[in-house]
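Undergrad: Counted from 1, the sequence shown has number 66 at position 80 by my numbering; the numbering is strictly sequential.
Here a beta-carbon is modelled for each residue, glycine too, at the ideal position from N, C-alpha and C.
All figures in this text were calculated on a predicted structure; none of them were measured in a lab.
Here it is: the structure, laid out below.
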Amino acid sequence: MEWIASVEISRNWLSGKIGVRIRERIPVAVFAAANSAPVSTSPRYLASDGVEFSSPRKFENLATISLGKKSLAQRREVAIFVANLPADLVEALTGLEISNTGVILMQSDLLKSGKSGLSIIWGAGNSAADVSVKSRVLKGLLALPENKKITEIDLTIAQSPIVR
């Protein structure tokens, strides 16, 4: 029952009625199988708080996280990364990959220009503070008029971002 985010149980002492409220986890992404196709039998989802879960419910139009046969530590690293992303960046997430060296590559629709999307290289070993700083740098870069047609941003070093 890992799809359950929280449960509230209440009781009315006068009437004797018991109430149960279940709040389900809402995924922001689905993990892809090793062959890059989403798992059809029992997909694994990722919630915005970084929790990986399965659900009896099927979700459509989610960002795909391509991990292949990555280790549990790398799965955890991706989950922590997503949990630290600001909500607007999570909403724009269309794909996420992690390399063998831990470099995170995010595909997004932040530009909303009708193109295939924006690739953002976040680098490796991103702490919550790193993600916060890099997110602000990213938003600042996207606000500049000269960056309206870019296709890639490398935030590996937040103080020296590379825009292509």
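#1: For E10, collect the residues of the same chain with a Cβ closer than 8 Å to its Cβ; drop the 5 residues on either side in sequence, then sort them by chain order.
#2: Work out the CA separation of P72 and S118 for me, nearest whole Å.
#3: Specify, as a first and last residue, the run of the beta strand (DSSP E) that A129 falls within.
#4: Tell me which residue opens and which closes the beta strand (DSSP E) that E83 is part of.
#5: Taking a contact to mean a Cβ-Cβ separation below 7 Å, would you say S94 touches L104 in this structure?
#6: Could you spell out where the beta strand (DSSP E) holding R(-3) opens and where it closes?
TA: If we stick to the structure as given:
#1: Position 24 of the sequence shown holds residue 10. Within its own chain, the residues whose Cβ lies closer than 8 Å to the Cβ of E10, once the five positions on either side in sequence are excluded, are W(-11), I(-10), A(-9), S41 and R43, listed in chain order.
#2: Here the question's residue 118 lines up with position 132 in the sequence shown. Here the question's residue 72 lines up with position 86 in the sequence shown. Rounded to the nearest whole angstrom, the CA to CA distance from S118 to P72 is 8 Å.
#3: Position 143 of the sequence shown, counted from the first residue, corresponds to residue 129. For A129, no beta strand (DSSP E) encloses it; the enclosing alpha helix (DSSP H) starts and ends at A114 to A129.
#4: Taking the first residue of the sequence shown as position 1, residue 83 is located at position 97. If you look at E83, you'll find it in the beta strand (DSSP E) that goes L79 to I84.
#5: Residue mapping note: residue 94 aligns to position 108 of the sequence shown, counting from 1. Residue mapping note: residue 104 aligns to position 118 of the sequence shown, counting from 1. Contact annotation: S94 and L104 have beta-carbon atoms nearer than 7 Å.
#6: Here residue -3 corresponds to residue number 11 of the sequence shown, with the count starting at 1. Annotation: the continuous beta strand (DSSP E) that includes R(-3) extends over I(-10) to R(-3).
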